[in-house]
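**Student:** Sharing a structure, written as structure tokens. Questions coming.
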Amino acid sequence: MKKFLAISGLVIMFVLNSAGAFAQCAMCRGSVESSMGNGRNNVGVGLNTGIMFLFVIPYILVAVIGYLWYRNSKRAQAERQFVAARVRSAYEN
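Residue numbers for the sequence shown, in mature numbering (1 follows the signal peptide of the UniProt record, and there is no 0): -23 to -1, 1 to 70.
Set out below in structure tokens:
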């Protein structure tokens, strides 16, 4: 569990600290440049936020599915060990 948290923490820090992640496609950049000429500069912030939202959501979904899979496998392993211990104690008596 600690390894999973460490890896996910590093990934999150990498995504949040990467300046290149705020890049835009040519069409988006053209739209921002034309709106900047009109005096509105909040369009670029909105586009960057939308790009980051679309970029991060698949990774969050994969992380949640991986965590649920990990948690269920640990729970199943603990149950198997419990049953094996009871079987061993039954054979010893």
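Positions of the beta carbon are idealized from the N, C-alpha and C atoms, including for glycine. Since this is a predicted model, take the numbers as computed values, not measurements.
1) Kindly give me the distance between the Cβ atoms of V39 and G21, rounded to whole angstroms, as I take these residues to be in contact under 8 Å.
2) Within 8 Å (strictly less), CB to CB, does V22 reach chain B?
3) Measure the CB-CB distance between F(-10) and Y44 and report whether it falls below 8 Å.
**Tutor:** According to the data block:
1) Numbered from its first residue, the sequence shown carries residue 39 at position 62. Numbered from its first residue, the sequence shown carries residue 21 at position 44. V39 to G21, Cβ: 29 Å. No contact.
2) No chain B is part of this structure, which consists of one protein chain only.
3) As a position in the sequence shown, residue -10 is number 14, starting the count at 1. As a position in the sequence shown, residue 44 is number 67, starting the count at 1. Result no, Cβ atoms of F(-10) and Y44 do not sit closer than 8 Å.
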